[in-house]
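Engineer: To start, I am sharing the structure in question, which I have written as C-alpha cells.
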Amino acid sequence: MAIKKIAVGGISTECSTYSPLYQNESDFESLQGQDLLNLIGFPFDDYSIETYPIFFNRSVPGGPIKSQYFRQTKDKFISELESLGTLDGVLLIMHGAIFVDDLDDPEGEWIEAVRDVVGEDCIVSVSFDLHGQMTDKIIKNIDAFAAYRTAPHVDVEETYMRASKMLVDALTNNKRPTVVWSPIPVLVSGEMSSTFIEPCQSTYKSLELFDQRKGIIDTNLMVGYVWADTQRAAASTVVTCTNKKVGVEVCQIIAKLYWNSRHQLKFDMRSGNISAAINLLPKNFSIIADSGDNPTAGGVGDRADVLEEVLNKKIDHALFAGIASESAYNELKKGIEFNIGGNFGGGGPNIELIANNVYFKEQCAIVKVQNITIVISKRRRPFHYLSDFDNLNLNLQDYRFLVVKSGYLSPDLQGLSCPSFMALSNGAVNQDLKNLDNHQRKRPIFPFQEFNEFVPEVSDGSNLLS
Ligand SMILES: [Zn+2]
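This is the structure we're talking about:
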C-alpha cells in the first residue's frame, strides 16, 4: 500500500463576548510533535499513514481572542501546512466557539485557508466540541466531521478517534464522504443541555442508531455556544454521509428531535440566586457552583459575589476553590492584607481582607480568612478533579461546603454524590439567558424569542438540499 501523508493540528477555545478579558498568546498552551500525536491517540502507522503534527493551541476559555494573535497563529499554521507539500489528508482539532472582533467566522476562515492550501483532492476531517458553531464556510471545506456527544465532556478521546477513523477510511477505501448540516434556532447553555439527563440523554443516544443507517457515517447534534452574541450562534445538526439523500433525511430528523425537546431543556441541578444557595445549605457537605463566573465556559474567574455573601452572613467552614487573582497572590507573598474581586474588569465586588493564615502551593495561595478557606490561583483555572484538592493539601471533609467556579459539576465532583446547588450568579457566562445583551444573534431563536414554526433547511455548505 502506498504511504499516505496527513497533517494534524488546530486551535481550541471558547470566547464569551460578555468578558472583557481578551485572550492572547500567553493564554494558550501549544501541543506539538509527539505530544500532539499522543493526544489524538490514533494508530495511523498501522494504516501506512505518515503523520505530520503542526500544532494544537488551546486555552482555558475567556473573552475574545486578540485579532492580531488569531491571524498570526492561523498564518503560522497555514505556512507550516504549505511547507509539507502534497498531503492526502488533514485532521483538524477545533472547538468552534472562537470569537475575534473583526471576523464573523474565525474557524471558517481557518478551515477555508487550509482547503486553499491542500486543494480539493485532500480529505479534511474535523473534530469539534458540541458547543461549537457551524457555518456554510466550515461545511463546504470539510469532508468528515465528528463532535463530542457528551456534556460534561467525557468522550474527547473517542471523538478524536471518530474523526481519525473517518479520515483513515476515506484514504484507505478511496471513498470520499460528504458533510451536510442544518441550523436549529435553539441556543441554550451547556448546563441546560447536559447529556446525562433528559431530554438530551435520549437524543444523543439516538445518534448511535442514526450512525447505523446505510449511507450514514457519523451524526452530530451541536448545542452551540450561548455566550457569544454573533450571527452564527445557534444549535445545528451535522451529518457525515456517503449518501446525501439519506444524510439530508437524518439531518432533518435530528434537528426536529432537538427542536421538539426545547421546552424540556433545563438545568441538571437545583438552581437559584446566591442568597437561595446559601439559605438552602444543608448540614452535611455540599457544593455550590458559582455558574456566572465559570472560567471553563469563559467567565473571568475573579468575581467575589458569593464570597461577599458568605462573609456577610458569617457562615463558617466554607472552601472557595478558587478565585483567580495574580494581584492578590502577589499581595499575599508580601503580607497579610489583600484585595480580591473585580480586578479583571468583569464586575462584582472588590473586598479587602486580612489573612489569618496563608501557604503557597502549585501557583496558588491558600488563605484562611475568619473561618473560611480561599484558594487564590495565580492564573485562571478550574478545580474539577479531586486531585486538585489533594495537591493543595486540602481535605474536603474538613469543610461544610465547597464553592467552585463551575456550571454543571465535573464528573469527579459529581462522583461525591453530595447535595449541590447552581448559583445563578452574574458574570460573563450568566445563565439568565433572556436578559443577555442580544444584538447580533439571528431572530427568531429560542429561548430569546418564543415561536412555533421550524422547518429544517439542510445544506452541504454550497447548496440548499431541502
Ligand atoms: Zn464544550
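For what it's worth, the working numbering labels the leading residue of the sequence shown as 71, then goes sequentially. Each residue gets a CB set at the ideal place from its N, CA and C atoms; glycine is no exception.
Contact between the region 442-460 and the region 304-312: three or more CB pairs below 8 Å?
Structural biologist: no
Engineer: Name the one or two DSSP bridge partners that residue 181 has.
Structural biologist: Translated into the one-based positions of the sequence shown, residue 181 becomes position 111. Looking at the DSSP assignment, residue 181 forms no beta bridge with any residue, so it has no partner.
Engineer: Got a sec? Which residues, its chain only, sit under 7 Å from residue 337 by beta carbon, not counting five neighbours each side?
Structural biologist: Locating residue 337 in the sequence shown gives position 267, where the first residue counts as 1. The answer, listed in chain order, is 261, 262, 492.
Engineer: With a threshold of 8 Å (Cβ to nearest heavy atom), would residue 218 be considered close to ligand 1?
Structural biologist: As a first step, residue 218 must be located in the sequence shown, where it is residue number 148. Yes.
Engineer: Are the beta-carbon atoms belonging to residue 489 and residue 357 less than 9 Å from one another?
Structural biologist: Reading the sequence shown from its first residue, position 419 is the one you call residue 489. Reading the sequence shown from its first residue, position 287 is the one you call residue 357. Their beta carbons are under 9 Å apart, which means residue 489 touches residue 357 by this criterion.
Engineer: Reducing DSSP to helix, strand and coil, say where residue 329 ends up.
Structural biologist: In the sequence shown, the residue the question calls residue 329 occupies position 259. DSSP places residue 329 in helix when its eight states are reduced to three.
Engineer: Any heavy atom of ligand 1 within a distance shorter than 8 Å of the CB on residue 155?
Structural biologist: By 1-based counting over the sequence shown, the position of residue 155 is 85. No, the beta carbon of residue 155 sits no closer than 8 Å to any heavy atom of ligand 1.
Engineer: Can residue 170 and residue 207 be called in contact, C-beta distance under 9 Å?
Structural biologist: Working through the sequence shown from its first residue, we reach residue 170 at position 100. Working through the sequence shown from its first residue, we reach residue 207 at position 137. Residue 170 places its beta carbon 9 Å or farther from that of residue 207.
Engineer: Quick one: is residue 84 buried, meaning 16 or more other Cβ sit within 10 Å of its Cβ, or exposed?
Structural biologist: In the sequence shown, the residue the question calls residue 84 occupies position 14. Classification for residue 84: buried.
Engineer: The beta strand (DSSP E) with residue 252 in it runs from where to where?
Structural biologist: Reading the sequence shown from its first residue, position 182 is the one you call residue 252. 248-254 is the span of the beta strand (DSSP E), which, as asked, contains residue 252.
Engineer: Assign residue 93 to one of three DSSP states: helix, strand, or coil.
Structural biologist: Numbered from its first residue, the sequence shown carries residue 93 at position 23. Residue 93 carries a strand assignment under DSSP once its states are collapsed to helix, strand and coil.
Engineer: My guess is that residue 97 and residue 132 are in contact by the Cβ rule of under 8 Å, so how many angstroms apart are they, rounded?
Structural biologist: To locate residue 97, count along the sequence shown from 1; it is residue 27. To locate residue 132, count along the sequence shown from 1; it is residue 62. Indeed they touch by this definition, with Cβ atoms about 6 Å apart.
Engineer: Quick check for students: name the residue ranges of the alpha helix (DSSP H) that lie wholly in the region 381-449, counting only runs of 4 or more.
Structural biologist: 396-404
Engineer: Ligand 1 and residue 298: does the residue's C-beta get closer than 8 Å to at least one heavy atom of that ligand?
Structural biologist: Here residue 298 refers to the residue found at position 228 of the sequence shown. Result no, Cβ not under 8 Å from ligand 1.
Engineer: Tell me the rounded alpha-carbon separation between residue 240 and residue 328.
Structural biologist: Your numbering for residue 240 matches position 170 in the sequence shown. Your numbering for residue 328 matches position 258 in the sequence shown. So the alpha carbons of these two residues sit roughly 30 Å apart.
Engineer: Identify the residues that DSSP records as bridge partners of residue 163: which are they?
Structural biologist: If you number the sequence shown from 1, residue 163 lands on position 93. Its beta-bridge partners are 197.
Engineer: With a threshold of 8 Å, are at least 3 pairs of Cβ atoms found where one atom belongs to the region 233-247 and the other to the region 189-203?
Structural biologist: yes
Engineer: Tell me whether residue 475 is buried or exposed, calling it buried when 16 or more other Cβ atoms sit within 10 Å of its Cβ.
Structural biologist: To locate residue 475, count along the sequence shown from 1; it is residue 405. Residue 475 should be labelled buried.
Engineer: Please classify residue 178 as buried or exposed, where buried requires at least 16 other C-beta atoms within 10 Å of its C-beta.
Structural biologist: Sequence index remark: in the sequence shown, residue 178 carries index 108 (1-based). Classification for residue 178: buried.
Engineer: On the three-state DSSP scale, how would you describe residue 103?
Structural biologist: Here residue 103 refers to the residue found at position 33 when the sequence shown is read from its first residue. Helix, per DSSP.
Engineer: Could you say which of 422, 496, 386 lies nearest to residue 401 if we only look at CA atoms?
Structural biologist: Residue mapping note: residue 401 aligns to position 331 of the sequence shown, counting from 1. For residue 401, the closest of 422, 496, 386 by C-alpha to C-alpha distance is 422.
Engineer: What did DSSP end up calling residue 241 once you bin it into helix, strand or coil?
Structural biologist: Sequence index remark: in the sequence shown, residue 241 carries index 171 (1-based). Here residue 241 sits in helix by DSSP.
Engineer: Give every residue whose Cβ lies closer than 5 Å to any heavy atom of ligand 1, listed in chain order.
Structural biologist: 199, 201
Engineer: Check this for me: beta carbons of residue 373 and residue 416, under 9 Å apart or not?
Structural biologist: Position 303 of the sequence shown, counted from the start, is the residue given in the question as residue 373. Position 346 of the sequence shown, counted from the start, is the residue given in the question as residue 416. In this structure, residue 416 lies closer than 9 Å to residue 373 by Cβ.
Engineer: Would residue 377 and residue 444 be called neighbours here (beta carbons separated by less than 9 Å)?
Structural biologist: The sequence position of residue 377 within the sequence shown is 307, counting from 1. The sequence position of residue 444 within the sequence shown is 374, counting from 1. Here residue 377 is near residue 444, since their CB atoms are less than 9 Å apart.
Engineer: Do residue 86 and residue 359 have their C-beta atoms within less than 9 Å of each other?
Structural biologist: Along the sequence shown, one-based indexing puts residue 86 at 16. Along the sequence shown, one-based indexing puts residue 359 at 289. Cβ distance not < 9 Å, so residue 86 and residue 359 don't count as in contact.
Engineer: With DSSP as the reference, label residue 316 as helix, strand or coil.
Structural biologist: The count along the sequence shown starts at 1 and reaches residue 316 at position 246. Helix.
Engineer: Does the beta-carbon of residue 439 have 16 or more other beta-carbons within 10 angstroms, so that it is buried, or is it exposed?
Structural biologist: By 1-based counting over the sequence shown, the position of residue 439 is 369. When all chains shown are included, residue 439 counts as buried.
Engineer: Quick check: the region 110-121 against the region 237-255, are there 3 or more CB pairs under 8 Å?
Structural biologist: yes
Engineer: Just the Cα atoms here: how many angstroms apart are residue 296 and residue 99?
Structural biologist: Against the sequence shown, residue 296 aligns to sequence position 226. Against the sequence shown, residue 99 aligns to sequence position 29. For residue 296 and residue 99, the distance between alpha carbons rounds to 24 Å.
Engineer: Residue ranges of each beta strand (DSSP E) run of no fewer than 3 residues wholly in the region 283-315, ordered along the chain?
Structural biologist: You should have 286-292, 305-311.
Engineer: On the DSSP letters alone, give me the boundaries of the alpha helix (DSSP H) that residue 349 sits inside.
Structural biologist: Walking along the sequence shown from the start, residue 349 turns up at place 279. Residue 349: member of the alpha helix (DSSP H) spanning 344-349, first to last residue.
Engineer: For residue 216, which three-state DSSP category applies?
Structural biologist: Looking up residue 216 in the sequence shown gives position 146. Residue state, collapsed to three classes: strand.
Engineer: Would you report the Cα separation of residue 431 and residue 461, rounded to the nearest angstrom?
Structural biologist: Locating residue 431 in the sequence shown gives position 361, where the first residue counts as 1. Locating residue 461 in the sequence shown gives position 391, where the first residue counts as 1. Roughly 8 Å between the two C-alpha positions.
Engineer: Are three or more beta carbon pairs between the region 506-525 and the region 389-405 nearer than 8 Å?
Structural biologist: Output reads no: the region 389-405 does not touch the region 506-525.
Engineer: What does the alpha-carbon distance come out to for the pair residue 447 and residue 320?
Structural biologist: Translated into positions along the sequence shown, residue 447 becomes position 377. Translated into positions along the sequence shown, residue 320 becomes position 250. Whole-angstrom Cα-Cα distance: 46 Å.
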